[in-house]
Structure formats: C-alpha cells, structure tokens
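Sequences listed follow chains A and B, in order. Just so you know, the numbering used here puts 308 at position 308 of the first sequence, and the rest follows in order with no gaps. In the numbering used here, each residue carries its 1-based index in the second sequence increased by 388. We put the beta carbon where it would ideally sit given N, CA and C, even for glycine.
Number of protein chains: 2
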Amino acid sequence: MKRIDGGICAIPGVRAAGARQGKYGVALIAASGVAAGMFTTNKVRAVPLDITAEHLADFGHLEGIIANSGCANAYTGQRGLEDAKAMARLLADHLGTDEKKVAVASTGVIGRYMDMDLIARLFDEAKAGLRSDLQASAEAAQAIMTTDTRVKEIAVEHQGVHVAGIVKGSGMIEPNMATMLCFLYTDADLTAEDLKKSLEIAVKDSFNMLTVDGDTSTNDTVLLTATGKTKCKLEDFREALSFVCMELARMMARDGEGASKYFETVVSGARNEEDARAVARAVARSSLVKTAVYGADPNWGRIITAVGYSGAKIDPAKISLGLEGRGLKVVLVDQGKIMDGVLKRAKEVMKEDTIIINVDLGLGTAFARSFGCDLTHGYVDINANYTT
Amino acid sequence: MKRIDGGICAIPGVRAAGARQGKYGVALIAASGVAAGMFTTNKVRAVPLDITAEHLADFGHLEGIIANSGCANAYTGQRGLEDAKAMARLLADHLGTDEKKVAVASTGVIGRYMDMDLIARLFDEAKAGLRSDLQASAEAAQAIMTTDTRVKEIAVEHQGVHVAGIVKGSGMIEPNMATMLCFLYTDADLTAEDLKKSLEIAVKDSFNMLTVDGDTSTNDTVLLTATGKTKCKLEDFREALSFVCMELARMMARDGEGASKYFETVVSGARNEEDARAVARAVARSSLVKTAVYGADPNWGRIITAVGYSGAKIDPAKISLGLEGRGLKVVLVDQGKIMDGVLKRAKEVMKEDTIIINVDLGLGTAFARSFGCDLTHGYVDINANYTT
C-alpha cells in the first residue's frame, strides 16, 4: 500500500473545488463513473440523502457531487426536497449532464431551511475553481468541514489500482455511521455490484466502528465512484479501499470534537465477531472510559464495566486487559487476575496521546477494533453553543 | 401522598447510622422484614450483589444492610467474596442474627480489593450510632455517597402506609439501573411476592428511565424491606412506592455528576410503551442534547435526531416537539411542521434549570418519561481524575 499525494484528485479524471463563507461552504466534485452509496440508519433522514439514494438507484452512475456545510437540510420536508433538487441541478447544468447523475450531501444544523441564495453564490465561486491539481481535493474537503479542525484526505496506490477519499466528520459521530460525509474515488474497473459489496465490507470495519459521542446523524453519506480506467483484481481493490476507509476513520476519531487524545480498542478472543464488535464499541463510547483517557486516569475498572454491559457473552474470570502507548505496554488483568504494582506504569501509558486498549475475552478467536477519542472540556464547549 | 421527615427512619423499627473517612464510608441499617431486591444487568457483577442475591433467595428476609463507599468490591473474585461475607458477618454478629439475613452493598472504584481494616474501623464507629432519630437516615445516606453532592432521602405517608428510601448515585448512571444503591423501607404488611412485583413496577418507570452518562454500573442494587406492621391495600402501597422511587430518581438526575441543569423527556403518542421508552431514553442520553441543555442552546434538531435513532417506529411528518420551563412553554414543531419565530422563546426556556422536553410521536397513545441532566465541564473534571 503506497500513499500518494493529491487526495481524490490523485485519481485521473477527478476534479474538485470548494468555496466557504463563515459556517457555510460548498464543495464540488466532478468525476464520471459507476457509483455506490451508503446512508445513515437514522429514521429521520435528511432530504439530500433521499435524492442521492434515488439517483443511485435509477442510474448507478455519478457525474459529480455537490455538498454543503452549515445547514443539514434535515427535517425540512417538501421545501428541503426542492432545495436539494435545485442543488443537483446547479452542478448538472454546469457539467452538462442529467441532474439524476449528481449526488447531493449536506451537513450542519438540523431543522433549518437552506439559504439557497448563499448556496448559489458559493456554487458560482466554486465552479470557477473545478480542477485536478494537488490542492483541489483539500479545498473541497475544507468546504464541507463543520467542527472539524483539519482537512481529512488520503490517496493510495496498491497493485496498480488507486483509491482515494475525503471525509468530514467530527461530532454526532457513532457507528452506522458517523456524522460524516465521505467521498471515495477509484480508477478501478468494477461492476456496480462489486463496488457496493466492497464498500459495505470496508465501511463495516472502519466507519461503523467509529464513535465520538454516540449520536447517529441524520445526514451520514458515503459515496464511492469508480472511473473504470484501470483493470485490477477485486481483492487488491478491496484491500486498498478498506485501508483508505480505516485511515479516514482514524483521522475522524483523532479530530473528534474537542478530542485531545485518540484510542483504539482491540478486542480478541471473542466467541463470535458480533460479540467482539459489541465490546469494542461499548468501550469506545463509554463516557467514563473517554474521560479517563482525557485525564490519563488508569481507572481500568471502567473498561471492564463497559465490557460487562456490552451485551456480549463474557466470563469475568477469562478476561485479560492491557494498555499500550508509544512502545510502552502494561498488562492490568491476566485471565481474570488483577496484576499487582502496575498502576504507575498504566498511568504512564495513559498519558500518551495515542492509546491502545487490548481486551481479550478468552472465549474464542473473533476479533474487532474500534476507533474513539477522549471526552474533553473542548467537546462540552463546542456543543453547548453550537447554534447560538 | 404526604411527605414526612426522617428518611428511612420514618418507618417504625428502622435504625440507621454511618461513618466516613475520606473517600470511604460505611452505612448500617437495621430493620427486620420481608425483603426483595433488584440488581445490575451488567455481566460483570460485583461480589456483594452475589452475596445479597443469594441471601434474599435463601430467606427472603433481611435484618439489616451494610454498605460501603470508596471501593466497589467489583471484579475482585474469591478474595472479594470473602471480604463481602466478612462484612455481612460484622453486622450479623452485632445484631445477633444469621449473616444470611444481612445484605451487603458496595460502591466506588472497580477492580480494587477492599481495605478490610478500614471497613472494620468504620463499622465500629457506625454501630455505636445505630438509632432511629431524624438525622440517622441522612447519616447513612451520607456514608455511601461517592461523587454525590447531596444526601438523597425521602419518606411519605399514603392511606396509612409509609414508604421511605435513601439512595446514592451520581455517575455511571444508566437505565437498568443507575450506578446506584437504593435502600427502601415500608411498614406495609405484604408477601414477598407482592413486594417483589411492586418493586419491579416502581423501578421500571423510575430508576430504569434515569440516565446520567450511559454507563451501567457493576454494583447497582435496590433493596426493599417491609416490616409488616401496617395492613394496607396493595394499590396504595404501590402508589406510594412508585412515588418514592420516582422522586429518588429525580434527585439522582438533579445530582448527576457535574450537573447544572435537570431535564425530563416526556414522550407521548407512541405506538407502544416500548417505543415511548426507547425515545425518552435516547433523548436523555444524547451527549448532544445534554450539552445543548448545558449551553441553553435551543438546537432542537438534536432532539429530533435522537428520536430518529432511538429504534422506535416514527413518522417524521407526525412528530410534535415542545419545551417547557418554569411556566414558559414553546412549540417548536407541530406535526412535522417547523414553527416560525420561536427560537428566541426557546432560548429563554432552555435557560431554566429544570426543562421539560415534550415529544409527541403522533402514532398512538403510549407514554413514557425519562430523567436526565446536562453534560458539563464539571462532569469532565470529575471523571478525568477519579482514581488519581
């Protein structure tokens, strides 16, 4: 897996641009190809997702994406629907294509109507900049940031095939999926079916194992477009796609709202995969584990507590628990036995800004990994006054 | 329902006492009667709960309770079991009864062994103070406080029957049940079966609808002892018990870790009770709703979002949403329609320290209510450095 520069514009034929004004931004991406998408499981689904899902179902092909930040266009009914369609038309007209070959995505405050005059102005500004140079991908990524503090993009080359993506997502982040907009591109030549299946596999172990605050957004969207210019083995493509999604998930966790530290929870020895995932998620979303990580408090009983309420089958006497950080490693519990004299070392590990929590359930061979961040004063600050 | 003074010692025959040293405390309660208990659903269950559940199963009768704060005696295996038994013996010997008629409860740090010398010293101090005056109940409640900032006790008289309780619980609070120790007493003359059933009914709508941080503790215990001195109608007793549990749940939410504000989520119009409860809980536990309450941000889209991911059957177009606080009332959404010009008033309501969130799903007649508090800098402070 070789990392390359340029984000999504590292894929030949992908152009991008973005424009911002205060909390609002518009990102444009132009690229022609077979496409697949995944959307939020929240029953209050934002209208752009309805539009995009419909377009994908009708054609399975995209010519471009128009996305905005500032307003989620969620819970906005018929008026929101007209606005989302108008957005698709803006880009479709510019590209000279059918509006049904354009995807629409939005992120921002829920329950507010779009300011379509502002969107039109930002669109005009952005469309003039549609290009495929090294900065274009970052400009599009930047345009859809809300509380994100940094651009999140990646591109890789693997056995001749290229996969790249940009993502936004920082708060309202929870499995299935995060509050995230993720736009993935590849030059692989694949059927719509292979694309869809590969996306599901990649999302399952990346974005669906990511949690910032336990809230599943109304607007989550992952779109994958394949330009079809490169023949490749399906397994090579899948490997690259999974790598890209995993790295983007890690970037989102690191940039979680107010996050000062990042931690992965690695669960092994579970009876089955479902149990492993349940434990990994429970630990990652525990407010008590998250605040302990923030305070570098080696209060590992909270981890055991989360394991206990995760719903997975466990035997307390078989659990092993350890912490890792920057080369330091400490075993706290060995098959149910509390280790003596390790808390000082555990405290050292907890001070690191990247921590691995290892939980071995001792019951089987299934494995899972989750991505999370600490719960900090910054999170409270950001979210106590979001709309005001 | 008439409130009376004295907490659990308002029930004739109930004596209480407590002693504290720093983070550690021991509470003693002596009262003879038929008893019922409910315990955590966490699969890592603290050993005192095993002991107490076994004692209740064997006799269904309690002579007393010994409880400590500072150490949860959870995940402590055989050694923890011996310690819990030794605690039961201390009180049993003092009361001249079988140790199997004593309940044991613990709260504090998980995965640490008990300091039994300290427990013995605090026990000796407390036992000298066992009495039934107006302060004794509060003294016992105070002895088991951890991050609680105030004593939580209540006593009522209803149609001649008395019900009273003390409770501790502030963090690691989540339905089924909170991190809580709750000791309830009544003079009602009831069978063990009626007692158990009445307790289940009362807990379901009170402690099981309470959330502070979404973490289900290893140590949750609710014990109800009936001295049997007063004949009463079962329905009168149930009414009083449900009232007492509801009020204690409210006290816990108000005293949630770091809480500055309290809110109830009242869900109506659900298709069935399960859905109503799911929605009420999802709103109460949403970190985004909780931070919005903290910051008095009328960002009601977050409430709709929580409704959407609650798992309940909903129709966005049928939802109505309103806020209430100290006489002020505002409708934000009326059957799916966003109301104009109400955000300023909503902001005023959100500034209140007690807020009611009204969600009507418009699908049926089922109802539920949950109890929650805001997510504040104080919560982060308390939990970032709990053991250190």
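* Asked: Which residue from A/Arg277, A/Gly378, A/Asn383, A/Phe183 puts its Cα closest to that of alanine 30 of chain A?
  -> Position 30 of the first sequence, counted from the start, is the residue given in the question as residue 30 of chain A. Cα-wise, what sits closest to alanine 30 of chain A is A/Phe183.
* alanine 270 of chain A and serine 310 of chain A look like a contact to me (Cβ under 8 Å); what is the Cβ gap, rounded to whole Å? -> Within the first sequence, the letter at position 270 stands for residue 270 of chain A. Within the first sequence, the letter at position 310 stands for residue 310 of chain A. Their Cβ separation, rounded to whole angstroms, is 10 Å, which puts alanine 270 of chain A and serine 310 of chain A out of contact at 8 Å.
* Cα-Cα separation, lysine 23 of chain A to glutamine 523 of chain B -> Along the first sequence, read from residue 1 onward, the residue named residue 23 of chain A stands at position 23. Along the second sequence, read from residue 1 onward, the residue named residue 523 of chain B stands at position 135. Using only the alpha carbons, I get a separation of about 56 Å.
* **For glycine 364 of chain A and arginine 89 of chain A, the rounded distance between their alpha carbons** => Looking up residue 89 of chain A in the first sequence gives position 89. Looking up residue 364 of chain A in the first sequence gives position 364. A direct Cα-Cα distance of roughly 53 Å separates arginine 89 of chain A from glycine 364 of chain A.
* Asked: If you draw a straight line from the C-alpha of histidine 765 of chain B to the C-alpha of alanine 259 of chain A, how long is it?
  -> Residue mapping note: residue 765 of chain B aligns to position 377 of the second sequence, counting from 1. Residue mapping note: residue 259 of chain A aligns to position 259 of the first sequence, counting from 1. So the alpha carbons of these two residues sit roughly 14 Å apart.
* How would you label lysine 649 of chain B, buried or exposed, when you count the other beta carbons within 10 angstroms and need 16 or more for buried? -> Numbered from 1 along the second sequence, position 261 holds the residue referred to as residue 649 of chain B. Under this definition lysine 649 of chain B is a buried residue.
* To do: May I ask which residues mark the beginning and end of the beta strand (DSSP E) holding serine 656 of chain B?
  => Walking along the second sequence from the start, residue 656 of chain B turns up at place 268. Here the beta strand (DSSP E) through serine 656 of chain B covers 650-658.
* C-beta neighbour in chain A for alanine 647 of chain B, strict 8 Å -> Against the second sequence, residue 647 of chain B aligns to sequence position 259. Output row for alanine 647 of chain B: interface = no.
* Residue(s) in a DSSP beta bridge with leucine 450 of chain B -> On the second sequence, position 62 is the one that residue 450 of chain B refers to. According to DSSP, which records beta bridges pairwise, leucine 450 of chain B is partnered with B/Gly421.
* Okay, do the stretch 395-402 of chain B and the stretch 291-298 of chain A touch, 3+ Cβ pairs below 8 Å being the bar? -> no
* To do: With DSSP as the reference, please indicate the residues paired to leucine 181 of chain A in a beta bridge.
  => By one-based count along the first sequence, residue 181 of chain A stands at place 181. Looking at the DSSP assignment, leucine 181 of chain A forms a beta bridge with A/Lys168, A/Thr221.
* To do: Answer yes or no: does any C-beta atom of chain A fall closer than 8 Å to that of alanine 772 of chain B?
  => Numbered from 1 along the second sequence, position 384 holds the residue referred to as residue 772 of chain B. Yes, its Cβ sits closer than 8 Å to a Cβ of chain A.
* Segment contact, 8 Å Cβ cut-off, at least three pairs: the stretch 580-600 of chain B with the stretch 615-631 of chain B -> yes
* **Alpha-carbon spacing of glycine 496 of chain B relative to glycine 689 of chain B, whole angstroms** => Within the second sequence, numbered from 1, the residue matching residue 496 of chain B stands at position 108. Within the second sequence, numbered from 1, the residue matching residue 689 of chain B stands at position 301. Cα to Cα, glycine 496 of chain B sits roughly 37 Å from glycine 689 of chain B.
* Taking only the alpha-carbon atoms, compute the straight-line gap between tyrosine 113 of chain A and lysine 725 of chain B and give it to the nearest angstrom. => Position 113 of the first sequence, counted from the start, is the residue given in the question as residue 113 of chain A. Position 337 of the second sequence, counted from the start, is the residue given in the question as residue 725 of chain B. Roughly 12 Å between the two C-alpha positions.
* Continuous alpha helix (DSSP H) assignments of at least 4 residues falling wholly in the stretch 424-503 of chain B -> 435-447, 465-483
* Among all the DSSP beta bridges, which residues are the ones paired with lysine 152 of chain A? -> Translated into positions along the first sequence, residue 152 of chain A becomes position 152. In DSSP, lysine 152 of chain A forms a bridge with A/Val167.
* Among all the DSSP beta bridges, which residues are the ones paired with glutamate 712 of chain B? -> The residue labelled residue 712 of chain B in the question sits at position 324 within the second sequence. Answer is B/Lys717, B/Ile744, bridged to glutamate 712 of chain B.
* From the DSSP output, in three-state form, read off alanine 415 of chain B for me. => Here residue 415 of chain B refers to the residue found at position 27 when the second sequence is read from its first residue. In this structure, alanine 415 of chain B counts as strand in the three-state DSSP scheme.
* Asked: Would the beta-carbon of lysine 313 of chain A fall within 8 Å of that of aspartate 275 of chain A?
  -> Within the first sequence, residue 313 of chain A is the residue found at index 313, counting from 1. Within the first sequence, residue 275 of chain A is the residue found at index 275, counting from 1. It is a contact, given that the beta carbons lie within the stated cut-off.
* Quick one: what's got a C-beta closer than 7 Å to cysteine 245 of chain A's C-beta in the same chain, skipping five residues either side? -> Numbered from 1 along the first sequence, position 245 holds the residue referred to as residue 245 of chain A. Ala202, Val203, Ser206, Phe207.
* Coarse secondary structure for threonine 305 of chain A, derived from DSSP in three states -> The residue you call residue 305 of chain A lines up with position 305 of the first sequence. DSSP places threonine 305 of chain A in helix when its eight states are reduced to three.
* Asked: How is cysteine 620 of chain B classed by DSSP in three states: helix, strand or coil?
  -> Mapped onto the second sequence, residue 620 of chain B falls at position 232. It is coil, neither helix nor strand.
* From the beta carbon of lysine 43 of chain A, is the nearest beta carbon of chain B less than 8 Å away? -> For the purposes of this step, residue 43 of chain A is taken as the residue at position 43 of the first sequence. With 8 Å as the cut-off, lysine 43 of chain A counts as an interface residue toward chain B.
* Which bits of chain A does asparagine 746 of chain B rub up against, with CB to CB less than 8 Å? -> Looking up residue 746 of chain B in the second sequence gives position 358. Those do not exist, as asparagine 746 of chain B stays about 16 Å from chain A at its closest Cβ, beyond 8 Å.
* Shortest alpha-carbon distance to threonine 147 of chain A belongs to which of A/Thr191, A/Ala46, A/Gly25? -> Walking along the first sequence from the start, residue 147 of chain A turns up at place 147. The candidate whose alpha carbon is nearest that of threonine 147 of chain A is A/Gly25.
* **Exposure label - glutamine 809 of chain B; buried when at least 16 CB within 10 Å** => Given that chain B is displayed from residue 389 to residue 776, the structure contains no residue 809 of chain B and the question cannot be resolved.
* To do: Report yes if the C-beta distance between cysteine 756 of chain B and valine 610 of chain B is below 8 Å; otherwise report no.
  => Numbered from 1 along the second sequence, position 368 holds the residue referred to as residue 756 of chain B. Numbered from 1 along the second sequence, position 222 holds the residue referred to as residue 610 of chain B. Cysteine is not the amino acid found at residue 756 of chain B; the sequence shown has alanine there. Not in contact: alanine 756 of chain B and valine 610 of chain B (Cβ atoms no closer than 8 Å).
* **CB-CB length for methionine 639 of chain B against lysine 706 of chain B, believed under 8 Å** => Here residue 639 of chain B refers to the residue found at position 251 of the second sequence. Here residue 706 of chain B refers to the residue found at position 318 of the second sequence. That belief does not hold up - the Cβ atoms of methionine 639 of chain B and lysine 706 of chain B are roughly 35 Å apart, past 8 Å.
* Asked: Looking at the structure shown, is aspartate 582 of chain B part of a helix, part of a strand, or coil, going by DSSP?
  -> Counted from its first residue, the second sequence places residue 582 of chain B at position 194. Judged by DSSP in its simplified three-state form, aspartate 582 of chain B adopts helix.
* **Proximity of asparagine 687 of chain B and alanine 462 of chain B at Cβ, strictly below 8 Å** => Position 299 of the second sequence, counting from 1, holds the residue named residue 687 of chain B. Position 74 of the second sequence, counting from 1, holds the residue named residue 462 of chain B. It is not a contact, given that the beta carbons lie outside the stated cut-off.
* Expressed to the nearest angstrom, what Euclidean distance is found between the alpha-carbon atoms of aspartate 393 of chain B and threonine 742 of chain B? -> Position 5 of the second sequence, counted from the first residue, corresponds to residue 393 of chain B. Position 354 of the second sequence, counted from the first residue, corresponds to residue 742 of chain B. Looking at the two C-alpha atoms, the distance is approximately 25 Å.
* To do: Give me the Cβ distance between valine 330 of chain A and leucine 323 of chain A, rounded to the nearest whole Å; I'm assuming they're in contact under 8 Å.
  => Sequence index remark: in the first sequence, residue 330 of chain A carries index 330 (1-based). Sequence index remark: in the first sequence, residue 323 of chain A carries index 323 (1-based). Indeed, because the Cβ distance is near 5 Å, the residues count as touching under 8 Å.
* **Beta-carbon gap between alanine 164 of chain A and phenylalanine 237 of chain A smaller than 8 Å** => Start at 1 with the first residue of the first sequence, and residue 164 of chain A comes out as number 164. Start at 1 with the first residue of the first sequence, and residue 237 of chain A comes out as number 237. Cβ distance not < 8 Å, so alanine 164 of chain A and phenylalanine 237 of chain A don't count as in contact.
* **Close beta carbons around threonine 76 of chain A, own chain, < 7 Å, minus the five adjacent residues each side** => Your numbering for residue 76 of chain A matches position 76 in the first sequence. Cβ within range, chain order: Val47, Tyr113.
* Any Cβ of chain B within less than 8 Å of the Cβ of serine 217 of chain A? -> Along the first sequence, read from residue 1 onward, the residue named residue 217 of chain A stands at position 217. It does: the Cβ of serine 217 of chain A has a partner Cβ on chain B nearer than 8 Å.
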